[in-house]
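Those letters in the sequence shown? Residues 16 to 195, by my numbering.
Every residue, glycine too, gets a C-beta built ideally from N, C-alpha and C.
Shown next, in structure tokens, is the structure this report addresses.
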Amino acid sequence: MPDRELRHMRRTELVEIILALKQSEDQLRAENAALSAQLQERQIHIENAGSIAQAALELNKVFEAAQAAADEYVASVRAANKNTNAAASALRAQAEAEAQQILAQAQTEAANLKARTQQQCDAEVDAAARKRAQTEADCKAMLARTQQEIQQRWAAFDHRASELLDGYHSTEFLPEERAK
Numbered sequence: 016m017p018d019r020e021l022r023h024m025r026r027t028e029l030v031e032i033i034l035a036l037k038q039s040e041d042q043l044r045a046e047n048a049a050l051s052a053q054l055q056e057r058q059i060h061i062e063n064a065g066s067i068a069q070a071a072l073e074l075n076k077v078f079e080a081a082q083a084a085a086d087e088y089v090a091s092v093r094a095a096n097k098n099t100n101a102a103a104s105a106l107r108a109q110a111e112a113e114a115q116q117i118l119a120q121a122q123t124e125a126a127n128l129k130a131r132t133q134q135q136c137d138a139e140v141d142a143a144a145r146k147r148a149q150t151e152a153d154c155k156a157m158l159a160r161t162q163q164e165i166q167q168r169w170a171a172f173d174h175r176a177s178e179l180l181d182g183y184h185s186t187e188f189l190p191e192e193r194a195k
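Shown next, in the form of structure tokens:
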């Protein structure tokens, strides 16, 4: 506004203009403060962005260390697993060898037991055969003695019967029989 116009204005209008200007100045100051705050915040963000990048680098180092530790752990577990597998294989081989030895020993003992049992059976069969032969011989001898004894008894019986018959025939002439 030109100065001439301002001179022709009334006081109330001028006061209104002054108030409007003051209000406009207050608004501008508030805007200035807000913009300054935003500027300050952006500077903090920019500074933090550097700090964040640095923090990210540090986190990467932490992650790299964690990854290295995890890799080392996996390697030690694999090595332990290989050692365990080797130990298990050795134990399995030892157990199989012991099992073969026990089996061979059991088979040897079984063969020995079978041979002893066969010898005992053969000895008992031989003893039974000898006893049978002896019993048969004893039976034949007893039969022979019995037959001889029977013949002797028969002969004795026959001799006695003959004597009795002879005595009976000689008794025919007994007086008792004549009287009849």
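For R25, the secondary structure class from DSSP, reduced to helix, strand or coil, is coil. Non-local C-beta neighbours of N47 in its own chain, meaning closer than 8 Å and more than five positions away in sequence, are absent. Cα atoms of A148 and E113: separation of roughly 51 Å, rounded to the nearest angstrom.
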